[in-house]
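As you go down the protein sequences, you meet chains A and B in turn.
Mapping the first sequence onto the working numbering, position 176 (from 1) lands on 179, and the numbers just tick up by one.
Mapping the second sequence onto the working numbering, position 105 (from 1) lands on 127, and the numbers just tick up by one.
For every residue, glycine included, the Cβ atom is placed at its ideal position computed from N, Cα and C.
A quick note: this is a predicted structure, and the numbers were derived from the prediction, not measured.
Worksheet: the structure to be examined is printed underneath.
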Amino acid sequence: MKWAIALHGGAGDISKDMPLQKKEEVETALSQCLQLGISALRDSCSAMDVAELVVRALEDNPLFNAGRGSVLTTEGTIEMEASIMDGPSRKCGAVSGLTSVINPISLARLVMEKTPHVYLAFAGAEMFARQQGVATAEPKYFLTEKSTKQLHAVQQLLARQTCSSEDITYKEAQPTCKLESSADVSLNGTLSGSQPFIGE
Amino acid sequence: TVGCVVIDKLGHCVAATSTGGRTNKMVGRIGDTPLVGAGNYANHLCAVSATGIGEYIIRGMVGHNVAAIMEYKGASLAEAVTEVIDKQVEQGTTGLVAVSSSGELAMAFNTTGMYRAAADESGYYEVGIW
């Protein structure tokens with residue numbers, strides 16, 4: 004068999020007017036994560052180890068929306084999710100509602116390997132993380148200037164809408180919302196076209 | 023969202039996905055990433071990691087659908103991915119990376135862009151945004 008690897012760092016309404024410096028930063032980061040995976044595969048690491056390694060690197064990079072640099076909830080808190088799945092055995096592990104685990108993907112793998120379960124969430128997942136001794140951090144580690152600005156931008160945008168508050172909270176879940184066009188709010192929650200790209 | 027799919031020299035497929043979700047999400051919201059078969063899935067035929075608006079990816083059961091089209095329709099990875107991204111999910115909502123157990127790679131999206139990169143043992147190497 005020949006090895007192969009693919010990775011992503013998010014999809015959405017990515018403006019082609021992205022500043023060149025930002026574009027280069029993103030491409031460099033993607034390339035570095037890919038090289039990490041290639042080197043591990045050349046060293047005959049298993050697919051499981053390589054997938055975890057690469058996702059950890061992506062989580063550690065604040066350019067991407069996972070781990071450090073995760074977006075904020077309506078309350079300004081962090082809630083992260085991850086899952087990992089092994090094809091041949093269909094073993095899998097998933098976590099959500101994490102607030103302190105630096106690398107959620109590694110905790111997901113521990114759920115798969117160390118428990119009889121598939122999915123742990125919120126307080127239970129945090130407790131499991133403590134039991135397993137995985138690395139954790141205070142909220143300030145995950146917060147970035149970008150994520151804070153994003154939240155304020157989205158909340159200001161929503162506050163300006165003319166429809167009632169229960170209609171605008173989640174546009175895609177509320178078909179009666181008066182935000183007519185998907186171009187009104189991009190996947191990253193900012194005004195399309197009128198604001199610089201700031202990531203998913 | 024970030025994600026990675028890998029097939030190693032033993033023909034083992036794995037998918038891994040991690041995310042913080044979307045800005046201003048409700049407290050307690052669960053996205054597609056941890057839901058097996060939605061934003062992350064792998065079986066004996068392929069591994070898939072998705073990204074985009076989670077609610078659409080959950081409704082489309084994107085990861086499992088790619089595998090199911092391969093398994094039951096006998097489609098290639100590229101055909102299955104095209105079917106899902108172009109026809110089965112809302113346009114402007116979804117992207118994914120996938121690898122098959124035969125080493126085929128796919129990166130597809132119906133949004134304006136997706137941060138992505140891929141390589142294989144033959145020397146193929148790609149990094150892209152749009």
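In this structure, how does DSSP classify residue i when only helix, strand and coil are distinguished?
i, result
"THR172/A", "For THR172/A, the pLDDT reaches just 46, beneath the cut-off of 50, and the residue's location in the model is therefore unreliable, although a value from the coordinates is still provided. Coil at THR172/A, not helix or strand."
"THR41/B", "strand"
"ASP54/B", "coil"
"ASP108/B", "helix"
"ARG138/B", "strand"
"ALA97/B", "coil"
"TYR63/B", "strand"
"LYS31/B", "coil"
"ALA156/A", "helix"
"GLY145/B", "coil"
"ALA128/B", "strand"
"GLY127/A", "helix"
"VAL137/A", "coil"
"VAL121/A", "coil"
"SER150/A", "helix"
"VAL103/B", "helix"
"SER122/B", "strand"
"GLY114/B", "coil"
"SER99/A", "strand"
"VAL84/B", "helix"
"VAL49/B", "coil"
Is the beta carbon of residue i sitting closer than 8 Å to the one on residue j?
i, j, result
"GLY25/B", "LEU10/A", "yes"
"VAL149/B", "LEU37/A", "yes"
"ALA14/A", "MET83/B", "no"
"VAL28/B", "ILE8/A", "yes"
"THR177/B", "GLY53/B", "No information on residue 177/B is available, as it lies outside the stretch 23 to 152 that chain B covers here."
"GLY85/B", "VAL70/B", "yes"
"GLY70/A", "ASN106/A", "yes"
"MET51/A", "ASP20/A", "no"
"ASN68/A", "ALA32/A", "no"
"GLY38/B", "ILE108/A", "A quick correction: the sequence has Ala, not Gly, at residue 38/B. The answer is yes: Cβ separation under 8 Å."
"ASP30/B", "VAL58/A", "no"
"ALA72/B", "GLY61/B", "yes"
"TYR78/B", "THR23/B", "no"
"GLY145/B", "MET4/A", "no"
Less than 8 Å between C-beta atoms, sequence neighbours within five positions excluded: which residues of the same chain meet that for residue i?
i, result
"LEU56/A", "LEU39, GLY40, ALA43, CYS48"
"THR76/A", "GLU82"
"LEU66/A", "GLY12, GLU28, VAL29, ALA32, GLY72, GLY202"
"VAL137/A", "VAL104, ILE105, ASN106, SER109, LEU110, LEU113"
"TYR144/A", "ARG71, ILE105"
Does any heavy atom of the ligand FAD sit closer than 7 Å to the C-beta of residue i?
i, result
"VAL24/B", "As for the ligand FAD, it is missing from this structure, which has no ligand bound."
In its own chain, which residues sit with a C-beta less than 7 Å from the C-beta of residue i, not counting the 5 before and 5 after it?
i, result
"ARG112/A", "GLU55, ILE87, GLY96"
"MET115/A", "ILE87, LYS94, CYS95, GLY96"
"SER210/A", "Outside the shown range of chain A, which is 4 to 203, sits residue 210/A, and nothing can be said about it."
"LEU99/B", "CYS68, MET92, ALA120, SER122, GLU126, ALA128"
"VAL74/B", "Sequence check: residue 74/B is Gly here, not Val. THR115, THR116, GLY117, THR133, listed in sequence order."
In its own chain, which residues sit with a C-beta less than 6 Å from the C-beta of residue i, not counting the 5 before and 5 after it?
i, result
"LEU154/A", "LEU75"
"SER185/A", "With a pLDDT of 36 at SER185/A, under the threshold of 50, the modelled position of this residue cannot be trusted; read the value that follows with caution. Result list for SER185/A: empty, nothing under 6 Å."
"GLY76/B", "GLY53, ASP54"
"PHE3/A", "Past the edges of chain A, shown from 4 to 203, lies residue 3/A, and the structure says nothing about it."
"VAL188/A", "Legend: pLDDT at VAL188/A = 42, less than 50; position of this residue unreliable, value from coordinates given subsequently. Closer than 6 Å at Cβ, skipping near neighbours: no residue."
"PHE5/B", "Given that chain B is displayed from residue 23 to residue 152, the structure contains no residue 5/B and the question cannot be resolved."
"TYR147/B", "ALA141"
"PHE125/A", "GLY100"
**OP:** Taking a Cβ distance cut-off of 8 Å, strictly less, list which residues of the region 32-44 of chain B are near chain A, in chain order.
**Re:** Only those residues of the region 32-44 of chain B whose C-beta falls short of 8 Å from the nearest C-beta of chain A are listed: LEU32, GLY33, HIS34, CYS35, VAL36, ALA37, ALA38, THR39, SER40, THR41, GLY42, GLY43, ARG44.
Original post:
Taking any Cβ of chain A, which residues in the region 52-80 of chain B have a Cβ under 8 Å from it, in chain order?
Top reply: ILE52, GLY53, THR55, PRO56, LEU57, VAL58, GLY61, ASN62, TYR63, ALA64, ASN65, HIS66, LEU67, CYS68, ALA69, SER71, THR73, GLY74, ILE75, GLU77, TYR78
Original post:
Mind listing which residues of the region 71-91 of chain A have their C-beta closer than 9 Å to chain B's C-betas, in chain order?
Top reply: The region 71-91 of chain A vs chain B, Cβ under 9 Å: GLY72, SER73, VAL74, LEU75, THR76, THR77, GLU78, THR80, ILE81, GLU82, MET83, GLU84, ALA85, SER86, ILE87, MET88, ASP89, GLY90, PRO91.
Original post:
In chain order, which alpha helix (DSSP H) runs of at least 4 residues are fully inside the region 5-59 of chain A?
Top reply: Within the region 5-59 of chain A, the complete alpha helix (DSSP H) runs of at least 4 residues are 23-45.
Original post:
Enumerated in chain order, which unbroken segments of the beta strand (DSSP E) with a length of 3 residues or greater are wholly contained in the region 56-97 of chain A?
Top reply: 83-89
Subject >> Selection of the region 128-147 of chain B by Cβ proximity to chain A, strictly under 9 Å >> reply: Residues passing the 9 Å Cβ filter: ALA128, MET129, PHE131, ASN132, THR133, THR134, GLY135, MET136, TYR137, ARG138, ALA139, ALA140, ALA141, ASP142, GLU143, SER144, TYR146, TYR147.
**OP:** Residues of the region 127-159 of chain A with a CB closer than 9 Å to any CB of chain B: list them in chain order, please.
**Re:** PHE145, SER150, GLN153, LEU154, ALA156, VAL157, GLN158
Original post:
Got a sec: which bits of the region 35-60 of chain A sit with their beta carbon under 8 Å from any beta carbon on chain B, in order along the chain?
Top reply: Residues passing the 8 Å Cβ filter: CYS36, LEU37, GLY40, ILE41, LEU44, SER47, CYS48, SER49, ALA50, MET51, VAL53, ALA54, GLU55, VAL57, VAL58.
Subject >> Members of the region 97-120 of chain A that neighbour chain B once the beta carbon cut-off is set at 9 Å >> reply: ALA97, VAL98, SER99, GLY100, ASN106, PRO107, ILE108, ALA111, ARG112
**OP:** Could you please tell me which residues of the region 12-27 of chain A, in chain order, have their CB closer than 9 Å to any CB of chain B?
**Re:** From the region 12-27 of chain A, only GLY12, GLY13, ALA14, GLY15, ASP16, ILE17, SER18, LYS19, MET21, LYS26 have a Cβ closer than 9 Å to chain B.
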